[in-house]
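Colleague: Mind looking over this structure? Questions follow.
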Amino acid sequence: MTTYSLEIVPKQIERLKILPKEMFNEVYVAFIPGDSISNIIEASRNLKSQGFSPIPHCPARSIKDEDQLDFFLSGLAKENIKKVLAIGGSPKNKAGIFDKTMDIFETGLFEKYEFNQINIAGHPEGNPDDDNSENNLSIKCDWLMKKGFNSSIVTQWTLNIDETNNWVKKVEKDIISKNSRKIDINLGIAGPAKLTTLINYAKICGVSATTLIIRSKKFGLTKLVKHNPLEIINGLDNTNKLHFFPFGGIKELSQWADSNILQVNNE
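Listed below in structure tokens is the structure:
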């Protein structure tokens, strides 16, 4: 069976007990502004003890300086957690000296603690915090390949099927095909949730809520009252790697997966 990844915040960990590990093994730990490094390390350790593969976020702008980054990465390494998702983080909550993901890459600390996989973010609908996101994605991929790190591009969740398919083709042609090491694209998918919930998260995450209006014409408003991920997944060209955001809750996603995941695998 194909496995999928999931994104949570630390307070959701206890709810993962109902989640089938044969479907969801990799769990990304979001590092939201105001959280602590120690809490992210402890959450990652907890996930590992439950049999999951934790992948904590490492947001450059949330880290004060090189010493704090060293504390973070060394703490993960002590727990033998050697996978991270390196992101820029919120520009509105910049905590220190780092302006972008490449700044933390260039410290040499990921090599020092021998991380074996560094994933990076992709934005099919564009990045509101980066007007040059595709070029910066290429720069990061080049650096990761030259340093010998395994890597995947994990995207923001999307509502725009056509734009996402076009973005994937462009990234595969312009970036991935030019690198000697394999780079997967894990497409972000919003889990089942109420329409109002999805619109609120769209505003927070920089996903265009106007696409909900476009989709309402295609699928009918009644179907949008309760978002079904299959409406997006079935339109995507590549569903081998999916990354779920459980906006409607872990229980809701687990129940949906039990009923629908075979349809995804059989597409």
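FYI, the numbering for the sequence shown is 941 to 1207, going by the numbering used here. Even glycine gets a Cβ: it sits at the ideal position worked out from N, Cα and C. Since this is a predicted model, take the numbers as computed values, not measurements.
Could you have a look at Thr-1047 and say whether DSSP puts it in helix, strand or coil?
Modeller: Coil at Thr-1047, not helix or strand.
Colleague: If I'm right that Tyr-968 touches Leu-1025 with Cβ under 8 Å, what's the distance once you round it to whole angstroms?
Modeller: Right, their Cβ atoms sit about 6 Å apart.
Colleague: Please determine if the stretch 994-1011 and the stretch 955-965 are in contact, where contact requires at least 3 C-beta pairs separated by less than 8 Å.
Modeller: With the cut-off at 8 Å, the stretch 994-1011 and the stretch 955-965 do not touch.
Colleague: What do you get for Arg-1121, buried or exposed, if any count of 16 or more other CB atoms within 10 angstroms of its CB means buried?
Modeller: Label assigned to Arg-1121: exposed.
Colleague: With a threshold of 16 other CB atoms inside 10 Å of the CB of Glu-1065, please say whether the residue is buried or exposed.
Modeller: It is buried - the Cβ of Glu-1065 has at least 16 other Cβ atoms within 10 Å.
Colleague: Quick one: what does DSSP say Ile-1021 is sitting in, helix, strand or coil?
Modeller: If DSSP states are grouped into helix, strand and coil, Ile-1021 belongs with coil.
Colleague: Please look up how many angstroms separate the CB atoms of Asn-1119 and Cys-1081, rounded, as I've assumed it's under 8 Å.
Modeller: Yes, Asn-1119 and Cys-1081 are in contact; Cβ-Cβ is about 6 Å, under 8 Å.
Colleague: Which class does Glu-1103 belong to by DSSP, given the choice of helix, strand or coil?
Modeller: In this structure, Glu-1103 counts as helix in the three-state DSSP scheme.
Colleague: Measuring straight from C-alpha to C-alpha, what distance separates Leu-1164 and Ala-1197?
Modeller: Unreliable placement is indicated for Leu-1164, whose pLDDT of 48 sits below 50; the coordinate value is still reported in the next sentence. Taking the straight line from one Cα to the other gives about 18 Å.
Colleague: Which of the three DSSP states is assigned to Cys-1038 in this structure?
Modeller: Note that residue 1038 corresponds to Phe in the displayed sequence, not to Cys. Phe-1038 falls in the coil class under three-state DSSP.
Colleague: Between Leu-1283 and Phe-1187, which are expected to be in contact by the criterion C-beta below 8 Å, what is the C-beta distance as a whole number of angstroms?
Modeller: Outside the displayed range of the chain (941 to 1207) lies residue 1283, so it cannot be described from this structure.
Colleague: Do the CB positions of Ile-1058 and Phe-1038 come within less than 9 Å of each other?
Modeller: No, Cβ-Cβ distance for Ile-1058 and Phe-1038 is not below 9 Å.
Colleague: According to DSSP, is Lys-1166 helix, strand or coil?
Modeller: DSSP places Lys-1166 in strand when its eight states are reduced to three.
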